[in-house]
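Below is one structure; the comments refer to it alone.
Next up, the structure:
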């Protein structure tokens with residue numbers, strides 16, 4: 009008999025952002041190994057995203073012991089007041105929204121496709137009706153346990169858009185957990201080796217049709 013997972017998924021609602029936003033951004037910065045100063049810049053951006061059409065977010069939470077809760081950084085992940093659980097922390101987050109022509113990411117993608125020689129009709133076909141997978145991150149303490157796939161399948165369940173698009177940093181031979189997850193779930197290349205304004209790293213745009221073939225688990229709405 010399979011043991012129950014110690015992690016469960018919860019919907020992160022806009023009206024509760026004052027409870028989950030700081031832990032979510034802290035998880036993101038930790039997972040990406042960014043400087044802590046990044047948090048101050050990201051929180052306002054994530055608040056702006058919450059107001060966009062079709063925005064939806066899912067979090068992965070788990071319970072920690074009293075001793076674990078005292079470890080450096082873990083107190084920033086506490087979301088007890090949101091979940092009603094005892095000593096629960098947020099260890100994963102995923103969110104996105106309906107893509108639109110007036111959004112910066114959309115404009116960057118269309119610019120890259122034009123420079124790659126795509127025709128106007130091809131660019132319209134790619135960007136006409138998609139869900140932008142904006143963020144998907146799992147805290148290092150919880151990586152390697154399938155949480156990313158659970159978050160992604162729950163996030164994309166019942167979406168009205170025809171496709172989902174994302175951008176992710178290029179890595180040699182696509183050898184990291186993010187690339188493995190996206191390839192496993194059927195994401196294919198839309199545009200490779202693209203450089204965003206203000207970021208020297210090369211990125212890849214990936215996409216796939218919706219819905220996903222996998223069945224998502226239920227997400228707690230409390």
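Residue numbers (this note's numbering): 9 to 230. All C-beta atoms, glycine included, are put in the ideal place defined by N, C-alpha and C.
Beta-carbon spacing of residue i, residue j below 9 Å
i           : j           : result
residue 69  : residue 104 : no
residue 202 : residue 213 : yes
residue 89  : residue 34  : no
residue 107 : residue 132 : no
residue 179 : residue 146 : no
residue 139 : residue 167 : yes
residue 172 : residue 143 : no
residue 60  : residue 111 : yes
residue 199 : residue 165 : no
residue 86  : residue 31  : yes
residue 193 : residue 222 : yes
residue 174 : residue 215 : yes
residue 183 : residue 137 : no
residue 19  : residue 151 : no
Identity of the residue in the options nearest residue i by Cα
i           : options               : result
residue 176 : 165, 168, 191 and 169 : 191
residue 24  : 66, 53 and 159        : 66
residue 17  : 142, 156, 221 and 216 : 156
residue 54  : 173, 21, 126 and 226  : 21
residue 206 : 113, 185 and 141      : 113
residue 27  : 197, 150 and 91       : 91
residue 97  : 124, 29 and 184       : 29
residue 119 : 204, 226 and 56       : 204
residue 63  : 141, 36 and 38        : 141
residue 153 : 126, 185 and 122      : 185
residue 217 : 208, 197 and 225      : 197
Cβ-based burial, residue i [other Cβ within 10 Å; buried from 16]
i           : result
residue 14  : exposed
residue 181 : exposed
residue 72  : buried
residue 130 : exposed
residue 42  : exposed
residue 158 : buried
residue 161 : buried
residue 36  : buried
Heavy atom of the ligand GTP within 8 Å of residue i beta-carbon
i          : result
residue 67 : Among the components of this structure there are no ligands whatsoever, and the ligand GTP is therefore not found.
Residue i - DSSP class collapsed to helix/strand/coil
i           : result
residue 140 : strand
residue 106 : strand
residue 216 : strand
residue 75  : Note on residue 75: pLDDT 44, under 50, position unreliable in the model; the coordinate value appears next. It is coil, neither helix nor strand.
residue 133 : helix
residue 222 : coil
residue 209 : coil
residue 24  : helix
residue 182 : helix
residue 96  : strand
residue 67  : strand
residue 86  : strand
residue 33  : helix
Where the alpha helix (DSSP H) through residue i begins and ends
i           : result
residue 148 : From DSSP, residue 148 is part of no alpha helix (DSSP H); its letter is neither H nor E.
residue 170 : No alpha helix (DSSP H) holds residue 170; DSSP gives it neither H nor E.
residue 17  : Per DSSP, residue 17 belongs to no alpha helix (DSSP H); it is in the beta strand (DSSP E), 15 to 19.
residue 119 : 112 to 123
residue 162 : 155 to 164
Boundaries of the beta strand (DSSP E) in which residue i is found, first to last residue
i           : result
residue 44  : Counting along the chain, residue 44 falls outside any beta strand (DSSP E), and DSSP gives it neither H nor E.
residue 201 : 196 to 203
Interface flag, residue i vs chain B, CB-CB below 9 Å
i          : result
residue 52 : Of the chains in the structure shown, none is chain B; there is only one protein chain.
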